[in-house]
Amino acid sequence: MLYCFIIVLGLCIGINCLKCRGPEFVSRDDWDARPPSEIGIMQTPVPYVVIHHTYKPEACYTKNDCIKKMQWMQDFHQLNRSWNDIGYNFAVGGDNRIYVGRGWTSVGAHTPKYNDKSIEITLIGDWSNETPPLSQLITVNQLILIGIREGYIIEDYKLIAHRDVGQTECPGDALYREIQTWQNEIAGRNVRIPNIQNIIPRRPAN
Ligand SMILES: *[C@@H]1O[C@H](CO)[C@@H](O)[C@H](O)[C@H]1NC(C)=O
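Residue numbers (mature numbering (1 follows the signal peptide of the UniProt record, and there is no 0)): -17 to -1, 1 to 189.
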């Protein structure tokens, strides 16, 4: 009983710290991104946020591992698929860091018809059978809130899953179920992230 209490307490403290510190952004330089071959400038603020999973690569829980996964994705998207750059605007790792893909102001590549009016966020991993850790979900919500605060996403934005607007199982059944509850419950509303303006760069590098 006490043991259980301690675990729950620890979990709450962990989550609260995550909220008060604000998430860490990993810039393109930090993950050693190749430059984009071309950039489409996006009109902001955008009215949509599109949620993806990567399916492949699988989840990562350390910065080193997540960096490798970012590089793998950029290779796949740029070299195999001949896109301009890694497809997503941002990727959130199981290490609770935010990896900058195309950033806030460049058109993404994953969701035809929505690419030029959405921020596309992927949760690194295959979330078909397993829900991402709560801390990773919170990081996604923090990212959305930062986007609103910085004027890149409209306040009453619409959260959509890739499968809502494309022929795909992305973002996986488990994550899809999870985000059904977000529009009213978490996203942009109940998760508060005070005092992070001094901690995160105001405009993460594109
Ligand atoms: C991408 O292309 C490289 C080189 O042609 C190939 O070896 C690799 O298997 C491809 N990757 C995927 C995931 O298809």
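Just so it is clear, CB atoms sit at the ideal spot from N, CA and C, and this is done for glycine as well. These numbers were taken from a predicted model, which means no experiment stands behind them.
For Asn72, the shortest C-beta to heavy atom distance toward ligand 1 is 6 Å or greater.
DSSP, read as helix, strand or coil, puts Ile69 in coil. Leaving aside the five residues that flank Glu21 on each side, the residues in its chain whose CB is nearer than 6 Å to its CB run, in chain order, Asn67. As the crow flies, the alpha-carbon of Trp14 is around 8 Å from that of Tyr82. Judged by DSSP secondary structure, Ala92 falls outside any beta strand (DSSP E); it is assigned neither H nor E. Following the DSSP letters along the chain, one finds Thr105 inside the beta strand (DSSP E) bounded by residues Ser101 to Leu106. Leu126 and Gly108 have their alpha carbons spaced roughly 18 Å apart. For Tyr159, the secondary structure class from DSSP, reduced to helix, strand or coil, is helix. Asp15 sits in coil when the DSSP states are folded into three classes, being neither helix nor strand. If you check the CB distance, Gly76 and Ala92 do not come in under 7 Å. Contact annotation: Gly155 and Ser111 have beta-carbon atoms nearer than 7 Å. Judged by DSSP secondary structure, Lys39 falls outside any alpha helix (DSSP H); it is assigned neither H nor E. Nearest neighbour of Met56 by Cα position, chosen from Asn47, Thr37, Val29 and His145, turns out to be Thr37. The C-beta of Gly134 has fewer than 16 other C-beta atoms within 10 Å across all chains shown, which makes the residue exposed. A direct Cα-to-Cα measurement between Phe8 and Glu103 gives close to 16 Å.
Rounded to whole angstroms, the separation of the alpha carbons of Pro30 and Glu138 is 8 Å. DSSP places Val123 outside any beta strand (DSSP E); the residue lies instead in the alpha helix (DSSP H), whose first and last residues are Leu117 to Arg132. In terms of Cβ geometry, Arg85 and Asn72 form a close pair [threshold 7 Å].
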